[in-house]
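Everything on this sheet refers to the single structure shown next.
Have a look at this one:
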């Protein structure tokens with residue numbers, strides 16, 4: 014059995030529950046002691062009152078005052094645990110004789126007696142006085158006046174509190190033992206029960222340390238749907254996300270290295286060939302330099318796309334957005350792409366809606382996205398085909414459809430075409446000058462505008478790219494401002 018460390022949550026839980034048990038038992042014990050003491054005092058008070066009635070009935074009402082001390086009943090009353098006296102109306106002992114001698118005709122100053130002298134019934138708890146053997150005790154005392162003819166006497170009955178105090182002391186000792194036993198049992202019980210809370214946390218700490226050291230493939234068993242179970246579930250989700258991000262990071266680094274290595278290798282090869290003597294052949298040298306220039310442009314484009322993605326990922330500043338007509342922007346972008354289409358004898362068909370479709374966007378960014386999609390459609394479609402561009406409007410958004418008549422995209426690749434450096438046909442795409450980042454950049458820009466982009470395709474029938482933009486509502490924008 015492992016002893017928990019001083020700063021562990023397990024020890025804190027044990028201390029908290031032990032403290033709670035102690036507080037509850039102390040409060041309960043105090044209340045119990047108070048109740049027992051109150052009930053016992055009430056019981057004794059009733060007995061004292063009954064005893065006073067016996068003294069009144071058997072002695073005061075049957076004997077002459079001068080013969081009170083001779084009454085045989087005193088010997089009977091002495092068998093009880095009470096001490097009985099008859100006092101004058103001033104509180105001076107009259108009978109029995111031993112109390113008369115004990116107090117030497119002095120008035121008793123017990124508050125119960127003083128109350129009886131005043132004509133009431135008195136009862137005191139804990140008054141100090143000596144017994145017939147001159148031993149000091151604390152007493153429960155009861156006194157009440159009794160009138161016979163024109164004479165008033167006071168019946169004074171008292172009982173020592175020693176027995177009551179001893180009984181309460183025993184109860185206190187028993188309660189202390191019970192509290193100690195309860196504390197020990199609680200500590201032992203919670204030492205094991207706390208494992209159900211602390212073990213998953215300890216496991217998470219160990220897994221988190223392993224993740225910090227680079228071991229991202231971590232998983233914690235999930236038991237139940239309570240807070241600990243939800244914490245374990247979310248930890249596993251975080252671990253999977255981090256593992257996926259790490260995998261994407263490694264793939265990204267590998268892809269960047271590959272994309273840079275290919276043109277660099279080409280440049281180095283042709284450069285070395287030129288240095289080895291190809292410069293002396295003008296036509297060959299010009300061809301090689303043209304290839305080196307193309308590879309350098311490709312590297313420049315790749316670096317530009319990487320910087321673009323980095324800026325989009327960092328999201329350092331919010332895009333400057335204005336209200337613009339999506340239809341007008343499409344017309345402009347189509348005119349810009351018309352030259353590329355004509356080179357392949359392609360036609361760009363636009364449904365050209367009559368009504369404007371207003372959106373809140375950054376015009377250069379949206380133009381960049383549409384240009385990229387149109388460029389891909391032209392690039393991957395055969396000659397003498399048509400690129401179809403259309404706009405549809407719903408209650409909440411405007412949607413742009415750009416459909417080509419190319420070879421299409423396999424179903425297993427549709428969900429991945431927006432990943433960075435992903436190419437459906439790696440060799441063919443690279444030969445056409447693509448970096449594999451265009452659609453990833455387009456996705457980032459569209460999502461930054463609050464929209465989304467997706468593709469549908471049937472192999473052999475072409476691909477349709479769908480761009481969704483939120484409609485512009487003047488009242489909504491005014492309320493935000």
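In the working numbering, the protein residues as written are 14 to 494.
A virtual CB, placed ideally from N, CA and C, is assigned to each residue, including glycine.
1. What is the residue span of the beta strand (DSSP E) that residue 381 lies within?
2. For the 8 Å Cβ check, are there 3 or more pairs between the region 177-195 and the region 24-38?
3. If I'm right that residue 10 touches residue 449 with Cβ under 8 Å, what's the distance once you round it to whole angstroms?
4. Rounding to the nearest angstrom, what Cα-Cα distance links residue 81 and residue 68 in this structure?
5. Any idea if residue 424 is buried or exposed, counting beta-carbon neighbours within 10 angstroms, 16 or more meaning buried?
6. Report yes if the C-beta distance between residue 95 and residue 61 is below 8 Å; otherwise report no.
7. How is the alpha helix (DSSP H) around residue 194 delimited, first residue to last?
8. In the DSSP assignment, find the alpha helix (DSSP H) that holds residue 59 and state where it starts and stops.
9. Taking only three categories from DSSP, how would you classify residue 240?
10. If you reduce the DSSP assignment to three classes, tell me which class residue 103 lands in.
11. Specify, as a first and last residue, the run of the beta strand (DSSP E) that residue 161 falls within.
12. So what's residue 300 in DSSP terms, helix, strand or just coil?
13. Based on Cα-Cα distance, which residue from 156, 103, 110 lies nearest to residue 125?
14. Could you compute how far the alpha carbon of residue 191 sits from the alpha carbon of residue 182?
15. Which value, in whole angstroms, describes the spacing of the CA atoms of residue 73 and residue 122?
16. What did DSSP end up calling residue 112 once you bin it into helix, strand or coil?
17. I need the boundaries of the alpha helix (DSSP H) containing residue 456, first residue and last residue.
18. Keeping to the same chain, check which residues put their C-beta closer than 6 Å to that of residue 305; ignore five residues upstream and five downstream.
19. Hey, out of 307, 259, 188, 201, whose CA is closest to residue 44's CA?
20. So residue 484 and residue 417 are supposed to be a Cβ contact under 8 Å. How far apart are they, rounded?
21. Starting from residue 419 and walking both ways along the beta strand (DSSP E), at which residues does that stretch end?
22. Rounded to a whole number of angstroms, what is the C-alpha to C-alpha distance between residue 473 and residue 429?
23. Quick check: the Cα distance between residue 329 and residue 396, rounded to an integer number of angstroms?
24. How would you call residue 340, buried or exposed, if buried means at least 16 neighbouring beta carbons within 10 angstroms?
25. Report yes or no: do three or more beta-carbon pairs, one from the region 237-246 and one from the region 208-223, lie closer than 8 Å?
26. To the nearest angstrom, report how far apart residue 30 and residue 205 are at their CA atoms.
27. Using DSSP's beta-bridge definition, name the partner residues of residue 405.
28. Given residue 432, which residues of its chain have a CB within under 7 Å of its CB, disregarding the five upstream and five downstream residues?
29. Buried or exposed, going by whether 16 or more other CB atoms sit within 10 Å of the CB of residue 234?
30. Cβ atoms of residue 167 and residue 138: under 8 Å apart, would you say?
31. Please report how far the alpha carbon of residue 105 lies from the alpha carbon of residue 150, in whole angstroms.
32. What distance in whole Å lies between the Cβ atoms of residue 390 and residue 415, which are believed to be in contact at a cut-off of 8 Å?
33. What does the alpha-carbon distance come out to for the pair residue 230 and residue 219?
34. What number of angstroms, rounded off, separates the C-alpha of residue 323 from the C-alpha of residue 463?
35. Note down, in chain order, each residue of its chain lying with its Cβ closer than 6 Å to the Cβ of residue 165, except the 5 sequence neighbours on either side.
36. Thinking C-alpha only, which one of 141, 382, 319 is nearest residue 350?
By the coordinates alone:
1. Premise fails: residue 381 lies in the alpha helix (DSSP H), 376-392, not in any beta strand (DSSP E).
2. yes
3. Lying before the first or after the last residue shown, residue 10 is absent from the chain, which here runs from 14 to 494.
4. 10 Å
5. So residue 424 counts as exposed.
6. yes
7. 175-206
8. 22-68
9. helix
10. coil
11. 149-161
12. Residue 300: helix per DSSP, three-state reduction.
13. The option with the nearest alpha carbon to residue 125 is 156.
14. 14 Å
15. 22 Å
16. In the three-state reduction of the DSSP assignment, residue 112 falls in the helix class, which pools H, G and I.
17. Under the DSSP assignment, residue 456 falls in the alpha helix (DSSP H) whose first and last residues are 451-461.
18. 280, 283
19. 188
20. With a Cβ gap of about 26 Å, residue 484 and residue 417 do not count as contacting.
21. Unbroken run through residue 419: none, as it is neither H nor E.
22. 19 Å
23. Confidence at residue 329 is low in this model, with a pLDDT of 49, below 50, so the placement of that residue should be treated as unreliable; the coordinate-derived value is given next. Approximately 42 Å between the Cα atoms of the pair.
24. buried
25. yes
26. Their Cα atoms are separated by approximately 13 Å.
27. 412
28. Spatial neighbours of residue 432 in its own chain (CB-CB distance under 7 Å, excluding positions within 5 residues in sequence) are listed in chain order as 453.
29. exposed
30. no
31. So the alpha carbons of these two residues sit roughly 20 Å apart.
32. 6 Å
33. 13 Å
34. 19 Å
35. 102, 158
36. 382
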